[in-house]
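Contents: one structure, followed by commentary.
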Amino acid sequence: MFKTNEYFDGNVKSIAFETNEGPATIGVMAVGKYEFSTSKKEFMTVTSGKMLVKLPSSDEVKEFNKNETFIVEANKKFNVEVNEETAYICFYK
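Numbering-wise (our numbering), the sequence shown opens with residue 1235 and increments by one.
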């Protein structure tokens, strides 16, 4: 039913589940800097806290706050920095 994921020595944790529109995860990140890879297109929304994100299509870091969403295409890498514990939901297409 649910699948739990743990990354970066337990500093990022998520729970995967299915929605009517496809797979999704909800998760939390501890303070730190992370590089993620995508296998599907991802729609990530911050639900608590904030993320500093460097998207693969940009040389700039952009801040995403609660209820803001960014999109990362499939088979790309992106960098995230969080300076406070932050929660998110991610939909995969």
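Glycine residues also receive a C-beta, built at the ideal position from the N, C-alpha and C atoms.
It should be emphasised that the depicted structure is a prediction, and the values quoted were computed from it without experimental measurement.
Query	Result
Taking the alpha-carbon positions, what's the E1315 to K1296 distance?	10 Å
First and last residue of the beta strand (DSSP E) that includes L1286?	1284–1288
Quick check on the DSSP output: the beta strand (DSSP E) that includes S1273 runs from which residue to which?	Looking at the DSSP string, S1273 is not in any beta strand (DSSP E), and its letter there is neither H nor E.
Around the Cβ of T1259, are there at least 16 other Cβ atoms within 10 angstroms (buried) or fewer (exposed)?	buried
Please name the residue in N1245, S1271, A1264, K1237 whose C-alpha comes closest to that of F1251.	K1237
Note down, in chain order, each residue of its chain lying with its Cβ closer than 7 Å to the Cβ of F1304, except the 5 sequence neighbours on either side.	M1278, V1287, L1289, F1298
Relative to the C-alpha of T1272, which candidate in F1325, M1235, E1307 has its C-alpha closest?	E1307
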